[in-house]
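**Q** For the record, in the sequence shown the residue sitting at position 50 is 50 according to full-length UniProt numbering, with numbers rising by one throughout.
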Amino acid sequence: MKEFLFLFHSTVGVIQTRKALQAAGMTFRVSDIPRDLRGGCGLCIWLTCPPGEEIQWVIPGLTESIYCQQDGVWRCIAHYRVSPR
C-alpha cells in the first residue's frame, strides 16, 4: 500500500472524488495542500491504495495531478489538464 496525494482544479473535484471514495469504502482523508506544493483549489485528498490503483480515481477535467513522496521529496506522477468545455 502507498499513500498518494490528489490535487484538483476546483473544490467540485474534491467533493466528487470524496463521494466516490466513500462509496467504495476506500481509506482517504481531505486536507489543505502541503505548503511545498501548489494546487488549484487549496484542498487535496490523501489516498492509500496499492500502486497503480490510484489512476482509477482520476476524474477527467477535475483531477489536476497526483503526487507521492519518495525519500521525503514530492514527486508528481501524473498531471491532467482542464477539459475544454
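Quick reminder that beta carbons are idealized off the backbone N, C-alpha and C, glycines included.
Please classify R35: does DSSP put it in a helix, a strand, or coil?
**A** coil
**Q** Please report how far the alpha carbon of A20 lies from the alpha carbon of P34, in whole angstroms.
**A** 23 Å
**Q** What span of residues does the beta strand (DSSP E) with V73 cover, start to end?
**A** DSSP places V73 in the uninterrupted beta strand (DSSP E) bounded by V73 to H79.
**Q** For T27, which residues of its own chain have a beta-carbon under 7 Å away from its beta-carbon, when the five flanking residues on both sides are left out?
**A** Excluding residues within five positions, the ones whose Cβ falls inside 7 Å are T48.
**Q** My parser needs the beta strand (DSSP E) runs of 3 or more residues fully inside the UniProt domain "Putative Se/S carrier protein-like" (5 to 59); what are they?
**A** You should have 27 to 32 and 43 to 49.
**Q** Does the beta-carbon of W74 have 16 or more other beta-carbons within 10 angstroms, so that it is buried, or is it exposed?
**A** exposed
**Q** Name the one or two DSSP bridge partners that E3 has.
**A** T48
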